Amino acid sequence: FLCLFTNMDSQVKTRKRVIRVQDNLISKRIRKSITLDIKLDVLKRYDRGERTADIERQLGLNESTLRTIRDNAEKIRASVKTVTKLSTFRVTVSRSTIMEKMESMLI
(Lines of atoms letter the chains of each structure in order from A and count residues from 1; the text may use other names and numbers.)
(Lines give C-alpha, C1' and ligand atoms only; values in the text may rest on other atoms or scores of the structure.)
Protein backbone atom coordinates (compact mmCIF):
# COMPACT_ATOMS: atom_id res chain seq x y z
CA PHE A 1 0.00 0.00 0.00
CA LEU A 2 1.06 3.61 -0.41
CA CYS A 3 1.71 6.01 2.43
CA LEU A 4 2.30 9.73 2.36
CA PHE A 5 5.25 10.82 4.47
CA THR A 6 6.11 14.40 5.33
CA ASN A 7 9.68 15.53 5.71
CA MET A 8 9.59 17.91 8.67
CA ASP A 9 12.77 19.76 7.68
CA SER A 10 11.58 21.07 4.34
CA GLN A 11 7.83 20.35 4.57
CA VAL A 12 7.99 18.41 1.30
CA LYS A 13 5.58 15.53 0.90
CA THR A 14 6.96 12.45 -0.78
CA ARG A 15 5.14 9.30 -1.79
CA LYS A 16 6.71 6.06 -0.70
CA ARG A 17 5.68 2.46 -1.04
CA VAL A 18 5.74 0.52 2.22
CA ILE A 19 6.72 -3.11 1.86
CA ARG A 20 6.16 -5.59 4.66
CA VAL A 21 9.08 -7.99 5.05
CA GLN A 22 8.13 -10.39 7.84
CA ASP A 23 7.61 -8.01 10.79
CA ASN A 24 9.78 -5.12 9.54
CA LEU A 25 8.43 -2.24 7.48
CA ILE A 26 10.67 -1.00 4.71
CA SER A 27 9.84 2.16 2.79
CA LYS A 28 10.85 2.38 -0.83
CA ARG A 29 10.56 5.41 -3.10
CA ILE A 30 8.39 5.04 -6.15
CA ARG A 31 10.25 5.65 -9.39
CA LYS A 32 8.85 8.36 -11.59
CA SER A 33 9.50 8.73 -15.28
CA ILE A 34 10.67 12.03 -16.69
CA THR A 35 9.46 13.07 -20.13
CA LEU A 36 11.80 14.08 -22.91
CA ASP A 37 10.33 17.60 -22.77
CA ILE A 38 11.50 18.01 -19.18
CA LYS A 39 14.92 16.56 -20.03
CA LEU A 40 15.26 19.00 -22.93
CA ASP A 41 14.25 21.86 -20.64
CA VAL A 42 16.99 20.82 -18.20
CA LEU A 43 19.56 20.70 -21.01
CA LYS A 44 18.52 24.15 -22.28
CA ARG A 45 18.89 25.55 -18.77
CA TYR A 46 22.41 24.09 -18.55
CA ASP A 47 23.22 25.60 -21.97
CA ARG A 48 22.12 29.03 -20.68
CA GLY A 49 24.54 28.61 -17.78
CA GLU A 50 22.09 28.02 -14.94
CA ARG A 51 23.43 26.25 -11.87
CA THR A 52 22.31 22.77 -10.84
CA ALA A 53 20.97 24.05 -7.50
CA ASP A 54 18.78 26.63 -9.26
CA ILE A 55 17.36 24.07 -11.69
CA GLU A 56 16.80 21.67 -8.80
CA ARG A 57 14.71 24.22 -6.91
CA GLN A 58 12.69 25.34 -9.92
CA LEU A 59 11.84 21.90 -11.32
CA GLY A 60 11.75 19.91 -8.08
CA LEU A 61 14.14 17.25 -9.36
CA ASN A 62 16.95 15.61 -7.42
CA GLU A 63 20.53 16.77 -8.00
CA SER A 64 21.70 13.33 -9.12
CA THR A 65 18.85 13.16 -11.64
CA LEU A 66 19.87 16.51 -13.12
CA ARG A 67 23.52 15.52 -13.35
CA THR A 68 22.57 12.23 -15.04
CA ILE A 69 20.51 14.15 -17.59
CA ARG A 70 23.45 16.49 -18.19
CA ASP A 71 25.88 13.58 -18.59
CA ASN A 72 23.56 11.84 -21.09
CA ALA A 73 22.92 15.01 -23.12
CA GLU A 74 24.12 13.54 -26.42
CA LYS A 75 21.92 10.44 -26.09
CA ILE A 76 18.88 12.53 -25.13
CA ARG A 77 19.32 14.92 -28.06
CA ALA A 78 19.78 11.99 -30.44
CA SER A 79 16.61 10.31 -29.20
CA VAL A 80 14.63 13.55 -29.61
CA LYS A 81 15.48 13.58 -33.31
CA THR A 82 14.13 10.05 -33.82
CA VAL A 83 11.03 10.20 -31.60
CA THR A 84 7.66 11.58 -32.63
CA LYS A 85 5.63 13.81 -30.30
CA LEU A 86 3.11 11.08 -29.48
CA SER A 87 5.70 8.67 -28.16
CA THR A 88 7.85 11.04 -26.11
CA PHE A 89 6.53 9.77 -22.79
CA ARG A 90 6.31 6.02 -23.20
CA VAL A 91 7.06 3.56 -25.96
CA THR A 92 4.23 1.11 -26.57
CA VAL A 93 4.24 -2.02 -28.65
CA SER A 94 1.05 -3.08 -30.38
CA ARG A 95 0.42 -6.79 -30.73
CA SER A 96 -1.68 -8.57 -33.29
CA THR A 97 -5.21 -9.62 -32.39
CA ILE A 98 -4.34 -13.24 -33.15
CA MET A 99 -1.68 -13.23 -30.41
CA GLU A 100 -4.09 -11.68 -27.93
CA LYS A 101 -6.78 -14.28 -28.71
CA MET A 102 -4.29 -17.11 -28.33
CA GLU A 103 -3.08 -15.77 -24.97
CA SER A 104 -6.63 -15.41 -23.70
CA MET A 105 -7.33 -19.05 -24.66
CA LEU A 106 -4.27 -20.19 -22.72
CA ILE A 107 -5.48 -18.50 -19.55
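107 is the number that UniProt numbering gives the last residue of the sequence shown; the numbers go up by one with no jumps. In this text, a Cβ means the ideal position worked out from N, Cα and C, and glycines have one as well. Computed from a predicted structure; not experimentally measured.
Can you give the Cα-Cα distance for residue i and residue j, rounded to whole angstroms?
i: E103; j: S94; result: 14 Å
i: E100; j: T82; result: 29 Å
i: L61; j: D71; result: 15 Å
i: E50; j: T97; result: 50 Å
i: E63; j: M105; result: 48 Å
i: V12; j: I30; result: Because V12 carries a pLDDT of 41, less than 50, the predicted location of this residue cannot be relied on, and the following value inherits that uncertainty. Cα-Cα distance, rounded: 15 Å.
i: T65; j: K32; result: 11 Å
i: E74; j: V80; result: 10 Å
i: D47; j: A78; result: 16 Å
Among the residues of its own chain, which have a CB less than 8 Å from the CB of residue i, if the five just before and after it don't count?
i: R67; result: T52
i: M76; result: The residue you asked about is not Met; residue 76 is Ile in the sequence shown. Correct list, in chain order: L36, K39, L40, L43 and I69.
Ordered along the chain, which non-local residues of its own chain (more than five positions away) have a Cβ less than 6 Å from that of residue i?
i: Q58; result: none
i: I107; result: none
Taking the CB atoms as reference points, tell me whether residue i and residue j lie closer together than 7 Å.
i: K34; j: R45; result: The sequence given here places Ile at residue 34; Lys does not occur at that position. Their beta carbons are not under 7 Å apart, which means I34 does not touch R45 by this criterion.
Between residue i and chain C, is the shortest Cβ-Cβ distance under 7 Å, so that the two count as touching?
i: S96; result: The chain labelled as chain C is not found in the depicted structure, where only one protein chain is given.
Extract the residue ranges of the beta strand (DSSP E) inside the UniProt domain "HTH psq-type" (28 to 79), only unbroken runs of 3 or more that lie entirely within it. none
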